[in-house]
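In this note's numbering, the protein residues as written are 61 to 237.
Glycine included, every Cβ here is placed at the ideal spot set by N, Cα and C.
All values reported here derive from a predicted model rather than from experimental measurement.
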């Protein structure tokens, strides 16, 4: 039988990912696209690529990013399904092995995931010589970044804390055997 916390994470991750992906479409050109272009430009400059090759690469990148725009809801959905699977697994582990209550297990799972996420972000920032985070904060709105992390955490925490109809939706077996 599948763990209910993993099921919650996967299902609500998919729903939340679609919503977040739909929210980014209107600001895609001014945020994500410009962020990617500036980041690639900095990387190409850092590696000493000639200006004409850099411009050719950036034109190709702009065309590719235009085709990706409407796939963002699907990409975010996949991202949050994986994120929900990881969070659900860690929550289930704390709930079963450490024997803490579900809300505390969910908060611990999010703190662990946030720590790992921060380490990955720090590593990418070091690779880009400290340019990644300032460029990201310049182009991607902070509310969007925080909404992704804490919005999903809030929804997941509510689902793990409150007994509601979703328990029947996900874990209810057949009515008659």
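Secondary structure of residue 161, DSSP reduced to three states | Look at residue 161 here: in three-state DSSP terms it is coil, with no helix or strand label.
Looking at residue 219 and residue 68, is the spacing between their C-beta atoms short of 7 angstroms?
-> Note that the C-beta distance between residue 68 and residue 219 is below 7 angstroms.
Between which two residues does the alpha helix (DSSP H) harbouring residue 8 extend?
-> Outside the shown range of the chain, which is 61 to 237, sits residue 8, and nothing can be said about it.
Kindly list the residues whose CB is nearer than 8 angstroms to the CB of residue 94, restricted to its own chain and excluding five residues on each side of it in sequence; keep chain order.
-> 199
Cα-Cα separation, residue 173 to residue 190 = About 22 angstroms.
Given residue 131 as reference, the closest of 205, 201 and 84 once Cα atoms are compared | Residue 131 has its Cα closest to that of 84, out of 205, 201 and 84.
What residues in its chain sit with their C-beta under 8 angstroms from that of residue 101, if we drop five residues either side in the sequence?
-> Answer for residue 101: 114 and 118, listed in chain order.
Close beta carbons around residue 72, own chain, < 7 angstroms, minus the five adjacent residues each side | 144, 215, 216 and 219
Determine the direct distance from the alpha carbon of residue 109 to that of residue 139, and round the result to whole angstroms.
-> 32 angstroms
Taking residue 208 as part of the alpha helix (DSSP H), name the residues at either end of that continuous run.
-> Where residue 208 is concerned, there is no enclosing alpha helix (DSSP H), given that its DSSP letter is neither H nor E.
Using DSSP with H/G/I as helix, E/B as strand and the rest coil, what is residue 221?
-> It is helical.
Go ahead and label residue 210 buried or exposed: buried means 16 or more other beta carbons lie within 10 angstroms of its beta carbon, across all protein chains shown.
-> exposed
Report buried or exposed for residue 183, applying the criterion of at least 16 other Cβ atoms within 10 angstroms of its Cβ.
-> exposed
Hey, would you say residue 175 sits closer than 7 angstroms to residue 136, going by beta carbons?
-> no
Rounded to whole angstroms, what's the CA-CA distance from residue 149 to residue 65? Just pull it up for me.
-> 7 angstroms
Residues near residue 168 in its chain [Cβ-Cβ closer than 6 angstroms; skip 5 each side] = 154
Taking all protein chains shown into account, decide if residue 134 is buried (16 or more other Cβ within 10 angstroms of its Cβ) or exposed.
-> exposed
Closest by C-alpha distance to residue 223, when choosing among 163, 187 and 141 = Among 163, 187 and 141, the Cα nearest to that of residue 223 is on 163.
Under the three-state DSSP convention, the category residue 90 falls into | helix
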